[in-house]
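Encoded as structure tokens, the structure appears first; notes follow it.
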Amino acid sequence: MAEKNLTLMEEFILLGFSELPNFQGLLFVIFLVMYLSILLGNGLIIVITNMEPALQIPMYYFLGNFSFVEICYTSVTLPRMLMNLWRQKRNISLLSCAVQLCFFLILVATESFLLAVMAYDRFVAICKPLSYPLIMSHKMCVQMVIGSWVIGIPVFIGQTYQVFSVPFCGSNKLNHIFCDMPPLMKLTCGDTSGDAFFTYIDCFLFGLIPFLLILLSYIRILSTVLKLPSTTGRSKAFSTCSSHLIIVCLFYGSALIAYLQSLSSYSGITNKIFSLFYTIVTPVVNPMIYSLRNKDFIEAMRKPFSKCIR
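Residue numbering for the sequence shown follows the working numbering, starting at 4 and increasing by one per position.
As structure tokens, then:
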């Protein structure tokens with residue numbers, strides 16, 4: 004029994020999609036294609052927004068940073084998932100699990116606040132156009148991006164330490180596709196009400212508050228746009244916000260449902276599905292949404308190809 008407890012303290016078994024043994028190869032191919040799409044698509048956004056002079060404005064500066072965050076937090080989870088599918092070895096050490104959880108939580112919080120910053124940028128551009136250059140100066144944009152990155156670091160380092168400082172007992176099988184808070188809390192010994200309480204607080208601080216800020220920004224935007232006399236002006240204003248709104252709905256909808264539902268009554272299958280949406284689907288569709296719905300971005304992508312043809 005002592006040896007068994009020691010083993011449980013040293014590693015977990017990430018079950019992933021073990022309930023689909025006949026589809027492991029197919030799942031590997033699907034997730035590999037999606038991961039390469041995330042790297043190429045978001046990488047292209049980063050390169051174009053940094054190299055094209057016409058895109059050197061705050062909106063595209065935030066978009067480039069957002070794409071970089073998407074690459075980072077997807078890389079925290081997907082390579083491990085691919086390795087597990089390929090090797091059929093699902094064990095992960097306690098230390099690796101803690102590192103994955105900590106980085107994942109920090110990056111998700113960063114993405115959440117970046118979405119709020121992008122909404123604020125659209126609010127200033129549409130509702131306060133004359134003050135836009137002054138409010139959204141380069142210095143302010145850099146400060147908002149840095150703030151989005153660092154605001155969750157001390158909180159999630161502390162919470163990760165708190166979760167892994169308590170003993171784990173029972174089964175060492177983690178019914179999830181990566182190390183996440185709700186399935187880990189199911190394996191801890193003793194009273195986990197304190198961890199659950201702090202997780203709800205984190206959802207409120209790093210999920211609900213940014214979402215409410217986004218909602219408030221778009222209420223003000225909608226109010227301003229409806230007062231515009233020109234139909235063309237309304238159409239242009241809505242088109243600059245539509246791509247961001249789609250990403251917000253995908254990310255927040257799946258993430259909040261997954262966390263709030265899993266904390267009340269954890270369901271492995273349901274949580275895996277919603278987790279796939281905000282960890283994989285959103286980063287995949289982000290480049291397509293912004294490239295296909297944005298004329299400036301399409302024009303910026305055409306230039307290198309036009310030069311090659313000439």
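The beta-carbon is built from N, C-alpha and C at its ideal position, and this holds for glycine as well.
(1) What residues in its chain sit with their C-beta under 8 angstroms from that of L58, if we drop five residues either side in the sequence?
(2) Decide if M2 is buried, meaning its Cβ has at least 16 other Cβ atoms within 10 Å, or exposed.
(3) Rounded to whole angstroms, what's the CA-CA distance from R237 to I129? Just pull it up for me.
(4) Let me check understanding here. Comparing Cα to Cα, which of L18, F277, L97 lies closest to M86?
(5) Which residues in the same chain as E55 place their Cβ atom closer than 6 angstroms to its Cβ, once the five residues preceding and following it in sequence are excluded?
(6) Within the continuous alpha helix (DSSP H) that includes L58, where are the two ends?
(7) In or out: L229 buried (at least 16 other Cβ within 10 Å) or exposed?
(8) Only counting runs of 4 or more residues, tell me where the alpha helix (DSSP H) segments fall wholly within the stretch 191–260, in order along the chain.
(9) Apply the 10 Å Cβ neighbour rule to R90 and answer buried if 16 or more other Cβ atoms are within range, or exposed otherwise.
(10) Does the Cβ-Cβ distance between S70 and I48 come in under 9 angstroms?
(11) For L314, I'd like the list of residues in its chain whose CB is within less than 8 angstroms of its CB, leaving aside the five on either flank, ordered along the chain.
(12) Report the CB separation of A258 from G210 in whole angstroms; it is logged as a contact under 8 angstroms.
(13) Taking all protein chains shown into account, decide if N94 is buried (16 or more other Cβ within 10 angstroms of its Cβ) or exposed.
(14) Which one of R125, T282, R83 has the shortest CA to CA distance from I60?
(15) Spell out the partners DSSP gives K176 in its beta bridges.
(16) In terms of alpha-carbon separation, which member of V145, Y255, T282, V169 lies closest to Y314?
(17) Thinking G155 and I109 are a contact (beta carbons under 8 angstroms), I'd like their distance in whole angstroms, please.
(18) Go through its chain and collect everything with a Cβ distance to M62's Cβ below 8 angstroms, but skip five positions before and after it.
(19) If I'm right that L253 touches T285 with Cβ under 8 angstroms, what's the distance once you round it to whole angstroms?
(20) My output table needs one value for S78: the three-state DSSP class, helix, strand or coil.
(21) Nearest CA to the CA of V287: which residue from Q27, G161, I33, F26?
(22) For I41, which residues from the same chain have a beta carbon less than 7 angstroms from its beta carbon, with the 5 sequence-adjacent residues on both sides left out?
(23) Given this structure, state the Cα-to-Cα distance separating L98 from N297, to the nearest angstrom.
So, to answer that:
(1) Locating residue 58 in the sequence shown gives position 55, where the first residue counts as 1. Around L58: I51, T52, D299, F300, A303.
(2) Outside the shown range of the chain (4 to 313) lies residue 2, about which nothing can therefore be said.
(3) Sequence index remark: in the sequence shown, residue 237 carries index 234 (1-based). Sequence index remark: in the sequence shown, residue 129 carries index 126 (1-based). Cα to Cα, R237 sits roughly 10 angstroms from I129.
(4) As a working note, residue 86 is residue 83 in the sequence shown. Answer by Cα proximity: L18.
(5) The residue you call residue 55 lines up with position 52 of the sequence shown. A303.
(6) Position 55 of the sequence shown holds residue 58. Where L58 is concerned, there is no enclosing alpha helix (DSSP H), given that its DSSP letter is neither H nor E.
(7) Against the sequence shown, residue 229 aligns to sequence position 226. Result: exposed.
(8) 196–206, 212–229
(9) Numbered from its first residue, the sequence shown carries residue 90 at position 87. When all chains shown are included, R90 counts as exposed.
(10) Here the question's residue 70 lines up with position 67 in the sequence shown. Here the question's residue 48 lines up with position 45 in the sequence shown. Contact: yes.
(11) Here the chain comprises residues numbered 4 to 313, so residue 314 is not present and cannot be evaluated.
(12) As a first step, residue 258 is located in the sequence shown; it is residue number 255 there, counting from the start. As a first step, residue 210 is located in the sequence shown; it is residue number 207 there, counting from the start. That belief holds up - the Cβ atoms of A258 and G210 are roughly 7 angstroms apart, short of 8 angstroms.
(13) Here the question's residue 94 lines up with position 91 in the sequence shown. Flag for N94 reads exposed.
(14) The residue you call residue 60 lines up with position 57 of the sequence shown. For the residues R125, T282, R83, the minimum Cα distance to I60 belongs to R125.
(15) On the sequence shown, residue 176 is found 173 positions in, with the first residue counted as 1. Partner(s): I16.
(16) Within the shown structure, residues of the chain are numbered from 4 to 313, placing residue 314 beyond reach of any answer.
(17) Along the sequence shown, read from residue 1 onward, the residue named residue 155 stands at position 152. Along the sequence shown, read from residue 1 onward, the residue named residue 109 stands at position 106. Right, their Cβ atoms sit about 5 angstroms apart.
(18) For the purposes of this step, residue 62 is taken as residue 59 along the sequence shown, with counting starting at 1. The answer, listed in chain order, is M121, D124, R125, A128, T243.
(19) Mapped onto the sequence shown, residue 253 falls at position 250. Mapped onto the sequence shown, residue 285 falls at position 282. That pair is a contact at about 5 angstroms.
(20) Counting from one through the sequence shown, the residue named residue 78 turns up at place 75. Note: S78 maps to helix in three-state DSSP.
(21) For the purposes of this step, residue 287 is taken as residue 284 along the sequence shown, with counting starting at 1. Taking only the C-alpha atoms, the option nearest V287 is I33.
(22) As a first step, residue 41 is located in the sequence shown; it is residue number 38 there, counting from the start. Around I41: E73, I74, T77, P286, V287.
(23) In the sequence shown, residue 98 corresponds to position 95, counting from 1. In the sequence shown, residue 297 corresponds to position 294, counting from 1. Their backbone Cα atoms lie some 43 angstroms apart in a straight line.
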